[in-house]
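Residue numbers (the numbering used here), protein chains in the order written: chain A, 1 to 398; chain B, 1001 to 1210.
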């Protein structure tokens, strides 16, 4: 019989005592692991979407809102800007690439984005099937949008006004899907892409007045994504943009780091709480082992009589503490995955984003290491006391 | 197989003991009687190496216990001395069979299932091997304690009040089993007790006087 089995028997014989320690450890470790998983994946997602975008030009308003809307496609846009003004900025020699974005419509909660071929180049998108759009009202669906909406090349649909999916339908023009994109792991997966003309035409139709006159809709766009030839652009361009009435330039990197700075104290607080719970678990392991030491002193003395050296009794109690700490932490990792699955059902509807559940966050190895350390700390004192047991006096008592 | 020479022991700020020289050969049984406070348990712990004498010597199978210390002494005791107590102090979390196997494993001896079956048959424990100690009667627990003391085929079995907490019927049964089992295993059996019921059973007797 090895000590691992012996320790296991000891724990399993009094499952209720072990349960509290296990629950606390699982809760603490689970919370930390959940934070780790969410943070690494959000970080990844934020930086991947940022690739190649140095500056965003849009209507005046909150710069963070502009970035969230036009880079991550999760917030409402700040408003529209004239295409002509945006184009004049895009012609600046320091601009390497400029991609216009035009919003306004959606299909069952998925945003329809009017843009040009520069979008695919900027996000390095590839077609999984079909071809890109060539005429107005031809559209290409991102991988996740296509999967969730069951779209395939040749399908047609009517867009609805607004981004929430509850707006009025544009029944005059049907969109036709010409292609599906490969999954890219970016916000592009969640979009339906089309030409700028499609958006303009859809809204021009709305603007037709009852007298029969046809008024050309203003050629507006919602935002323009810019990539510079060199960092000099960061100094030269934003100032000029901000001088134009109604226009603003927002730096994605700055806004994202400002956002994470705002979330930082909150995440830190949660993490601190989780560490506290794990410490409590270690204390509860310590107390339960220490408490039982009195009633177990005879059997521990007996193990010495049967030939076990003092240090082996210490190892036995240490093993018990370690089993509790590690089992608890492992249960915590499982718990955080369950939490992520639950989060997914909510986030998928709200943000069209799903977390990868079956992955190991980098910090989780440290988390397990921390649990081992806590187990050792909790088992150290009881183990030490067991090793110092006075054999003769203990047995003479009984 | 076990002999003591000029054993003395003193508890710090407590009673001092001077013990007579004793010897018990393999297969023999020695009964040491005495009132409480006469130093019976102290003597037994000295013989088992649980206590160190102030002076004097204990030899088991020729090995001087004073020459061993630490884990070496623990291992020698585990292999050569079987201890039986008034209460058997079994490990609650383990079923009877595992409690018994633990004896050889802690003494770092290979498992010996044939011997385990033989011993448990002799002590009438064959049907109880999968039970937990808490579900056994006192008499049954004491028999498990004896079986555990026998499993390493020790040279000496030291029994401390093995029958004191048992009723008359169990007392007779446990005493005769202890005697037979020790003889079967070829071990020297030293029993200390104040239990007068055992007086008639053992021809070789010694009375400790405080």
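The beta-carbon is built from N, C-alpha and C at its ideal position, and this holds for glycine as well.
How would you label residue i, buried or exposed, when you count the other beta carbons within 10 angstroms and need 16 or more for buried?
i	result
residue 402 of chain A	Outside the displayed range of chain A (1 to 398) lies residue 402 of chain A, so it cannot be described from this structure.
residue 200 of chain A	buried
residue 107 of chain A	buried
residue 351 of chain A	exposed
residue 317 of chain A	buried
residue 72 of chain A	buried
residue 1209 of chain B	exposed
residue 1077 of chain B	buried
residue 306 of chain A	buried
residue 191 of chain A	buried
residue 1015 of chain B	exposed
residue 1207 of chain B	exposed
residue 235 of chain A	exposed
residue 213 of chain A	Annotation note: pLDDT 45 at residue 213 of chain A (below 50); position unreliable, coordinate value reported separately. That one is exposed.
residue 1093 of chain B	buried
residue 303 of chain A	buried
residue 209 of chain A	Caution applies to residue 209 of chain A, whose pLDDT of 48 falls short of 50 and renders its modelled position unreliable; the value that the coordinates give is listed next. Exposed, by the Cβ-count rule.
residue 1074 of chain B	buried
residue 1088 of chain B	buried
residue 25 of chain A	buried
residue 262 of chain A	exposed
residue 150 of chain A	exposed
residue 47 of chain A	exposed
Would you mind reading off the limits of the alpha helix (DSSP H) that contains residue i?
i	result
residue 1071 of chain B	1070-1080
residue 182 of chain A	Counting along the chain, residue 182 of chain A falls outside any alpha helix (DSSP H), and DSSP gives it neither H nor E.
residue 44 of chain A	15-50
residue 63 of chain A	63-70
residue 1101 of chain B	1096-1106
residue 1144 of chain B	1138-1150
residue 1174 of chain B	1168-1185
residue 1118 of chain B	1113-1122
residue 397 of chain A	391-397
residue 240 of chain A	232-243
residue 1090 of chain B	Looking at the DSSP string, residue 1090 of chain B is not in any alpha helix (DSSP H), and its letter there is neither H nor E.
Can you tell me which residues form a DSSP beta bridge with residue i?
i	result
residue 281 of chain A	Partner(s): none; residue 281 of chain A has no beta bridge.
residue 85 of chain A	Paired residues: none, contrary to the question.
residue 328 of chain A	For residue 328 of chain A, which the question treats as bridged, DSSP gives no partner whatsoever.
residue 227 of chain A	A/97
residue 248 of chain A	A/58
residue 195 of chain A	A/115
residue 1030 of chain B	B/1190
residue 138 of chain A	A/176
residue 1016 of chain B	B/1010
residue 255 of chain A	Looking at the DSSP assignment, residue 255 of chain A forms no beta bridge with any residue, so it has no partner.
residue 1023 of chain B	B/1003
Assuming residue i and residue j make a contact with CB atoms under 8 Å, what is their CB distance in whole Å?
i	j	result
residue 119 of chain A	residue 95 of chain A	With a Cβ gap of about 15 Å, residue 119 of chain A and residue 95 of chain A do not count as contacting.
residue 139 of chain A	residue 180 of chain A	Wrong, their Cβ atoms sit about 10 Å apart, outside the cutoff.
residue 1146 of chain B	residue 1123 of chain B	6 Å
residue 1080 of chain B	residue 1061 of chain B	6 Å
residue 1194 of chain B	residue 1050 of chain B	That pair is no contact at about 20 Å.
residue 82 of chain A	residue 250 of chain A	Rounded, the Cβ-Cβ distance is 18 Å, inconsistent with contact.
residue 308 of chain A	residue 391 of chain A	The Cβ separation is near 11 Å, so there is no contact.
residue 204 of chain A	residue 105 of chain A	Contact flag wrong, Cβ pair sits at about 13 Å.
Judging by CA-CA distance, which residue of the options is the nearest neighbour of residue i?
i	options	result
residue 1001 of chain B	B/1162, B/1157, B/1108	B/1157
residue 327 of chain A	A/47, A/243, A/369	A/369
residue 226 of chain A	A/18, A/21, A/54	A/54
residue 35 of chain A	A/265, A/287, A/298, A/77	A/265
residue 379 of chain A	A/289, A/230, A/251	A/289
residue 1135 of chain B	B/1095, B/1021, B/1035	B/1095
residue 255 of chain A	A/30, A/19, A/69	A/69
residue 61 of chain A	A/47, A/79, A/49	A/79
residue 1003 of chain B	B/1017, B/1043, B/1075	B/1043
residue 1009 of chain B	B/1025, B/1137, B/1040	B/1040
residue 1023 of chain B	B/1180, B/1067, B/1190	B/1190
residue 125 of chain A	A/187, A/175, A/59	A/187
residue 353 of chain A	A/142, A/175, A/154, A/22	A/142
residue 1213 of chain B	B/1152, B/1069, B/1117	Outside the displayed span of chain B (1001 to 1210) sits residue 1213 of chain B, for which this structure offers no information.
residue 1047 of chain B	B/1089, B/1204, B/1019	B/1019
residue 102 of chain A	A/86, A/343, A/393	A/86
Since residue i is in the beta strand (DSSP E), which residue starts that stretch and which ends it?
i	result
residue 115 of chain A	110-115
residue 100 of chain A	95-107
residue 130 of chain A	127-130
residue 161 of chain A	156-161
residue 379 of chain A	That residue, residue 379 of chain A, is in no beta strand (DSSP E); its alpha helix (DSSP H) goes 363-387.
residue 1059 of chain B	1055-1060
Are the C-beta of residue i and some C-beta of chain E separated by less than 8 Å?
i	result
residue 307 of chain A	The displayed structure is made up of protein chains A and B, and chain E is not among them.
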